[in-house]
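Below you'll find the structure, written out as structure tokens, and then a few comments.
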Amino acid sequence: MSLHVESQGSGSPLLLIHGWGMHSGMWAQIAAELSKSHRVHSVDLPGYAGSNTCTPYDLDTLVQQLSDQFNEAMTVVGWSLGGQMALRWAQRHPAQVNRLVLVATTPCFVQKENWNTAMAEGTLQEFAASLLQNHAQTLRRFLALQVRGSENEKQLLSDLRAQLFAKGEPALEALKGGLDILRDTDMREELKNIAQATLVIAGERDTLTPSAASVYMADALPNARLALIKGAAHAPFLSHPQLFVQHLKSFLHE
1178 MSLHVESQGS
1188 GSPLLLIHGW
1198 GMHSGMWAQI
1208 AAELSKSHRV
1218 HSVDLPGYAG
1228 SNTCTPYDLD
1238 TLVQQLSDQF
1248 NEAMTVVGWS
1258 LGGQMALRWA
1268 QRHPAQVNRL
1278 VLVATTPCFV
1288 QKENWNTAMA
1298 EGTLQEFAAS
1308 LLQNHAQTLR
1318 RFLALQVRGS
1328 ENEKQLLSDL
1338 RAQLFAKGEP
1348 ALEALKGGLD
1358 ILRDTDMREE
1368 LKNIAQATLV
1378 IAGERDTLTP
1388 SAASVYMADA
1398 LPNARLALIK
1408 GAAHAPFLSH
1418 PQLFVQHLKS
1428 FLHE
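The sequence shown begins at 1178 in this note's numbering and counts up by one.
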């Protein structure tokens, strides 16, 4: 199955992977800026926009689809759930991932023993239950969590709501499968084996993937550094696009 991809610009290839409940259009402003120096690909994950839902819907299957779709080495930028896919891809197919950029990402999304820097599992279960009742309302609630505490929170939430279904509603199977991935994935032990140069970008006020999780990843990955964006929450590339691009371009040109 082929994934829907929008490409622009020329130069070394760079792939943008969106997060749960979102779509590739969220990257529009960033993609336009990066396309001045790179060939930028914005992908819709299975079940979103123009990409058909895959079966089974699990992390390894999704990563394999990305690997099959893109057969050249590139920089991979992943946001939230997309960041977990990027990490697994770098581990499983290292020749295809030159560099990693992990945006508001965590190796483990829910709290576990010795891991409190995360969402309570009960909160995620409530999301899963409400998804079955009214998935559109649940997605709107999730948007509010993404921007909570961010500078310009009200305007950012308004902008996100306008974009949420701009490319159609995501498939329920994709939403349910994505929550299962977030619930079950724990990559803490895998981080030490991911050798690619990595930029970890975190929002100082992120309540979904707390910045302490990003600090942990930057320390655990063998070749990583952290960029903490003050005043940002879970979507720093939307709330602080100029600073986000500045960090990213500096990393890409090292």
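From the three backbone atoms N, C-alpha and C, an ideal C-beta is built for every residue, glycine too.
Residue from the options whose Cα sits closest to the Cα of residue i
i, options, result
"S1219", "L1192, S1416, R1317 and D1235", "L1192"
"Q1323", "D1363, P1387 and L1376", "P1387"
"A1305", "S1228, V1240, D1357 and V1182", "D1357"
"S1228", "M1394, L1316, N1370 and K1344", "K1344"
"L1349", "M1394, A1295 and L1308", "L1308"
"N1370", "L1385, N1400 and H1430", "N1400"
"W1204", "Q1268, G1380, S1187 and G1255", "G1255"
"T1252", "H1270, T1238 and H1417", "H1270"
"V1426", "V1278, E1366 and K1289", "Here residue 1426 is Lys; the residue named in the question, Val, does not match the sequence. Nearest C-alpha to K1426: V1278."
"P1284", "R1265, D1363, I1406 and L1385", "D1363"
"S1187", "L1415, Q1314 and E1210", "E1210"
"L1236", "G1260, L1403, L1420 and V1392", "G1260"
"R1402", "Y1393, L1420, V1422 and L1376", "L1376"
"Q1273", "Q1340, L1180, G1380 and P1190", "P1190"
"E1183", "K1213, M1199 and D1221", "D1221"
For residue i, three-class secondary structure by DSSP
i, result
"W1204", "helix"
"R1317", "helix"
"E1366", "helix"
"M1394", "helix"
"T1386", "coil"
"H1430", "coil"
"K1344", "coil"
"G1299", "helix"
"H1218", "strand"
"R1338", "helix"
"I1371", "coil"
"R1402", "strand"
"P1190", "strand"
"K1331", "helix"
"A1196", "Note on identity: in this sequence residue 1196 is Gly, with Ala being the wrong assignment. Of the three classes helix, strand and coil, the one that applies to G1196 here is coil, per DSSP."
"G1408", "coil"
"A1433", "No answer is possible for residue 1433: it lies beyond the span of the chain, which begins at 1178 and ends at 1431."
"E1183", "strand"
Contact check, residue i vs residue j, beta carbons under 7 angstroms
i, j, result
"W1197", "L1243", "no"
"G1326", "R1382", "yes"
"G1354", "Y1225", "no"
"F1328", "G1408", "Phe is not the amino acid found at residue 1328; the sequence shown has Glu there. It is a contact, given that the beta carbons lie within the stated cut-off."
"W1266", "V1287", "no"
"P1418", "Q1206", "yes"
"H1411", "L1429", "no"
"E1367", "Q1268", "yes"
"A1390", "T1300", "no"
"V1280", "I1378", "yes"
Exposure label - residue i; buried when at least 16 CB within 10 Å
i, result
"P1413", "buried"
"Q1373", "buried"
"S1335", "exposed"
"S1416", "buried"
"T1232", "exposed"
"T1282", "buried"
"T1238", "exposed"
"A1297", "exposed"
Distance cut-off 6 angstroms: residue i Cβ against heavy atoms of the ligand PLP
i, result
"R1276", "As presented, the structure is devoid of all ligands, the ligand PLP included, so that no description of it is given."
| request: Entirely within the region 1236 to 1275 and at least 4 residues each: give me those alpha helix (DSSP H) ranges in chain order. | output: 1236 to 1246 and 1258 to 1269
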